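Enquirer:
Chains as they are written, first to last, in this note's numbering: chain V, 437 to 525; chain E, 57 to 186.
(1) Quick one: what does DSSP say residue 493/V is sitting in, helix, strand or coil?
(2) Could you tell me which chain V residues have their CB closer than 7 Å to the CB of residue 94/E, listed as they occur along the chain?
(3) Measure the Cβ-Cβ separation of residue 449/V and residue 77/E and say whether it is below 9 Å.
(4) How far does the alpha helix (DSSP H) with residue 63/E in it reach, from first residue to last?
(5) Tell me where the alpha helix (DSSP H) around residue 136/E begins and ends.
(6) Examine chain V for any beta-carbon lying closer than 9 Å to the beta-carbon of residue 161/E, and answer yes or no.
(7) Are at least three pairs of beta-carbons, each pair with one atom in the segment 474–484 of chain V and one in the segment 85–101 of chain E, less than 8 Å apart?
(8) Which full runs of the beta strand (DSSP E) of 3+ residues lie inside the segment 451–508 of chain V, going along the chain?
(9) Three-state secondary structure (DSSP) at residue 510/V?
(10) Checking 9 Å against the spacing of the C-beta atoms, do residue 447/V and residue 74/E come in under that value?
(11) Which residues in chain V have a C-beta closer than 9 Å to the C-beta of residue 109/E? List them in chain order.
(12) What residue does the alpha helix (DSSP H) around residue 106/E start on, and which one ends it?
(13) Please report the Cβ distance between residue 499/V and residue 484/V, rounded to the nearest whole angstrom; I am assuming they are in contact, meaning their Cβ atoms lie under 8 Å.
(14) What would DSSP say about residue 98/E, mapped onto helix, strand or coil?
(15) State yes or no: is the C-beta of residue 451/V within less than 9 Å of the C-beta of residue 140/E?
(16) Go ahead and pull the three-state DSSP assignment for residue 159/E.
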């Protein structure tokens with residue numbers, strides 16, 4: 437049962453990342469692209485966790501935590517740059 | 057019996073998370089303006105990723121005792137998603153991105169280049185935005 441659910445979830449998350457990539461390519465404005473990349477890293481966290489379930493290894497969770505923290509910081513940094521033209525004033 | 061129940065819970069969490077994340081990305085792809093597109097990722101995708109992580113938590117707790125570390129990512133995602141959404145909305149207002157003309161209300165930051173209308177009589181009809 438878990439194997440089937442794993443395949444379905446992997447397919448759904450991959451489709452979600454493809455949609456995000458499409459929005460990042462066509463996005464008419466800069467905040468659109470930032471939002472698309474932000475969503476992409478959230479979905480990639482879930483993909484890594486699903487891969488960890490697939491190979492039955494707990495250690496992949498640390499990679500996911502690292503991606504979550506760095507992604508948040510980079511999103512805030514880019515937003516700050518868009519707002520002020522500078523990151524640390 | 058208990059194993060069967062746990063497996064069902066894991067499978068349900070994984071599939072629910074996938075469906076939520078897919079719906080969020082679908083909203084990101086085909087809603088009309090940036091302020092609408094912000095809704096999908098900031099709420100739905102966060103819930104989807106949280107569901108998947110809780111499924112993974114149940115999966116790894118099966119063998120030897122509860123594994124709490126995976127909750128860290130869930131809590132972190134639920135704390136940071138509103139913050140990044142707020143920053144993105146602020147930068148969009150700063151760039152004066154065009155809202156859909158059928159949007160009700162007049163935000164102060166966008167006032168100069170929008171036609172005046174009250175909340176009750178927002179323009180109807182089709183949007184010229186792609």
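All C-beta atoms in this analysis are idealised placements derived from N, C-alpha and C, irrespective of residue type, glycine included. Bear in mind that the values here come from a model prediction, so they are computed numbers and not experimental data.
Expert: Per the coordinate set shown:
(1) coil
(2) 471
(3) yes
(4) 58–86
(5) 125–150
(6) no
(7) yes
(8) none
(9) helix
(10) yes
(11) 481, 482, 485, 497, 500
(12) 102–117
(13) 6 Å
(14) helix
(15) no
(16) coil
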